[in-house]
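Chains as they are written, first to last, in the working numbering: chain A, 80 to 209; chain B, 80 to 209.
All residues carry an ideal CB built from backbone N, CA and C; glycine is no exception.
Notes for the one structure printed next.
2 protein chains.
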Amino acid sequence: MKTTRNTPAKTAILEIFEKSKTALSHTEIQKQLNDVCDRVTIYRILDRLMNDDIIHKISNLDGTVKYAKCNHSHQRVHIHNHAHFSCENCNEITCLENVKPSYIMPHNYKVKEINFTLSGLCPKCLNSDI
Amino acid sequence: MKTTRNTPAKTAILEIFEKSKTALSHTEIQKQLNDVCDRVTIYRILDRLMNDDIIHKISNLDGTVKYAKCNHSHQRVHIHNHAHFSCENCNEITCLENVKPSYIMPHNYKVKEINFTLSGLCPKCLNSDI
DNA sequence: AAAATAAAGCAACAATGTTGCGATTGTGTA
DNA sequence: TACACAATCGCAACATTGTTGCTTTATTTT
Chain A
80 MKTTRNTPAK TAILEIFEKS KTALSHTEIQ KQLNDVCDRV TIYRILDRLM NDDIIHKISN
140 LDGTVKYAKC NHSHQRVHIH NHAHFSCENC NEITCLENVK PSYIMPHNYK VKEINFTLSG
200 LCPKCLNSDI
Chain B
80 MKTTRNTPAK TAILEIFEKS KTALSHTEIQ KQLNDVCDRV TIYRILDRLM NDDIIHKISN
140 LDGTVKYAKC NHSHQRVHIH NHAHFSCENC NEITCLENVK PSYIMPHNYK VKEINFTLSG
200 LCPKCLNSDI
């Protein structure tokens, strides 16, 4: 079985996620890393972190892809069924851990994962009178 | 004020949407068009159709972007608040027009648009014993 | 310390989306 | 119906994002 290693780049990326309150794109991570490692390495680390359920992927309405730390909290089985909020002004994506949609599905569909993204104005931008 | 025109390429693309039961990516449209027009033209037509609220954009969990016809039905104000289903087997995206999530938002957020995408197995793939 | 192998770096490539500009073509109006 | 003019198109060039193969580096285990 594959063992995962702790490398400087991985540690650096985890620290960036730890510090950030919002989801980050590959590009944003790269800027914050300041050439700690190669662009490709970032992709590979993100892949590994997703496999290990440490981060999750979020795709915005516009097709932008971002990543955020998973909040494992209490659940034994880890499902990313919380909502995300995408601000159309500052483009920040935040996890709304407590917002869970309820819905009724037609028969014959097997739902395994859900992605619930709301967009509009975040509190910060709403208050700055746009 | 800008007037929009009906060009052969736009008509062809609209017909493709009309015939398709699932959402289509730029690439899928291009294949079906069989060199009716340039790749760039497709992008521009899709942009126009979105501005005119004739189609809407859907971004999948994996970051894939697709487009589908809007169903204007009864609502006066057109909001894309229906759900989409993305099949992890056949990769087709279908609009679930009647599935509308209910949710409770924290204060201070102004929600303008929502994107609710479920993924798993569609009826077609569920029945073919995977 | 050496062996085993996960991870990094580099280069090259693929897919997707954007921009500028000159040429073409729909369409309202004369 | 013909004209004028703006909307649209095609092309080339570029930007961004993501992937792959292969060699080298470095972490971990023995």
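**Study point:** Residues that A:Phe-62 contacts on chain B, provided the C-beta gap is smaller than 7 Å
**Key:** The structure shown does not extend to residue 62 of chain A, since chain A is modelled only from 80 to 209, so the question has no answer here.
_chain A contact for B:Thr-90 (CB, 8 Å cutoff)_ = Start at 1 with the first residue of the second sequence, and residue 90 of chain B comes out as number 11. No, because no Cβ of chain A sits closer than 8 Å to the Cβ of B:Thr-90.
Simplified DSSP assignment, three categories, for A:His-161: As a working mapping, residue 161 of chain A is identified with position 82 in the first sequence. Reduced to three states, the DSSP call for A:His-161 is coil.
- Message: Tell me which residue opens and which closes the beta strand (DSSP E) that A:Asn-130 is part of.
- Response: By one-based count along the first sequence, residue 130 of chain A stands at place 51. From DSSP, A:Asn-130 is part of no beta strand (DSSP E) but of the alpha helix (DSSP H) over 118-130.
task: Measure the C-alpha to C-alpha separation of B:Tyr-188 and B:Pro-87 and round it to an integer number of angstroms.
output: Taking the second sequence and counting its residues from 1, one reaches residue 188 of chain B at position 109. Taking the second sequence and counting its residues from 1, one reaches residue 87 of chain B at position 8. If you take the alpha carbons of B:Tyr-188 and B:Pro-87, they lie about 43 Å apart.
Would you decide whether A:Asn-168 is buried or exposed? Buried here means 16 or more other CB atoms lie within 10 Å of its CB.
Position 89 of the first sequence holds residue 168 of chain A. Exposed is the call here.
Determine, using beta carbons only, whether A:Val-119 comes closer than 8 Å to chain B. As a first step, residue 119 of chain A is located in the first sequence; it is residue number 40 there, counting from the start. Not one chain B Cβ lies under 8 Å of A:Val-119.
| said: Taking only three categories from DSSP, how would you classify B:Lys-148? | reply: Reading the second sequence from its first residue, position 69 is the one you call residue 148 of chain B. If DSSP states are grouped into helix, strand and coil, B:Lys-148 belongs with the strands.
Report yes or no: do the segment 98-114 of chain A and the segment 179-197 of chain A share at least 3 C-beta pairs separated by less than 8 Å?
no
- prompt: For a contact meaning CB atoms closer than 8 Å, what does B:Ile-193 contact in chain A?
  reply: The count along the second sequence starts at 1 and reaches residue 193 of chain B at position 114. Within chain A, the C-beta atoms nearer than 8 Å to that of B:Ile-193 come from Phe-195, Thr-196, Leu-197 and Ser-198, in chain order.
Q | Whole-angstrom distance between A:Met-129 and A:Thr-143, CA atom to CA atom | A | The residue given as residue 143 of chain A occupies position 64 in the first sequence. The residue given as residue 129 of chain A occupies position 50 in the first sequence. Their Cα atoms are separated by approximately 17 Å.
Open item on the list: Restricting to Cα atoms, I'd like to know which of A:Ser-99, A:Ile-92 and A:Asp-132 is closest to A:Val-115.
Closed with: To locate residue 115 of chain A, count along the first sequence from 1; it is residue 36. Comparing Cα-Cα distances from A:Val-115 to each of A:Ser-99, A:Ile-92 and A:Asp-132, the minimum goes to A:Ile-92.
- Determine the closest residue to A:Pro-202 out of A:Ser-165, A:Asn-150 and A:Lys-191, with distance taken between C-alpha atoms. Mapped onto the first sequence, residue 202 of chain A falls at position 123. Nearest of A:Ser-165, A:Asn-150 and A:Lys-191 to A:Pro-202, Cα basis: A:Ser-165.
Worksheet entry | 4 or more residues per run - each alpha helix (DSSP H) lying fully within the segment 84-121 of chain B | If only complete runs of 4 or more residues are kept, the segment 84-121 of chain B shows the alpha helix (DSSP H) at 87-98 and 105-112, in order along the chain.
Query raised in the report: Just how far apart, CA to CA, sit B:Ile-134 and B:Thr-101?
Result: As a working mapping, residue 134 of chain B is identified with position 55 in the second sequence. As a working mapping, residue 101 of chain B is identified with position 22 in the second sequence. For B:Ile-134 and B:Thr-101, the distance between alpha carbons rounds to 12 Å.
Pull up the CB-CB distance for B:Leu-140 and A:Glu-192, whole angstroms please, since I reckon it's below 8 Å. Within the second sequence, numbered from 1, the residue matching residue 140 of chain B stands at position 61. Within the first sequence, numbered from 1, the residue matching residue 192 of chain A stands at position 113. Between A:Glu-192 and B:Leu-140 the Cβ distance is about 7 Å, and since that is below 8 Å, they are a contact.
Margin query: Strictly below 8 Å CB to CB, what residues from chain B border A:Ile-183?
Written below: Looking up residue 183 of chain A in the first sequence gives position 104. Chain-ordered, the chain B residues with CB closer than 8 Å to the CB of A:Ile-183 read Val-178.
query = At least one CB of chain A closer than 8 Å to the CB of B:Val-115: is that the case?
reply = Numbered from 1 along the second sequence, position 36 holds the residue referred to as residue 115 of chain B. Closer than 8 Å: no.
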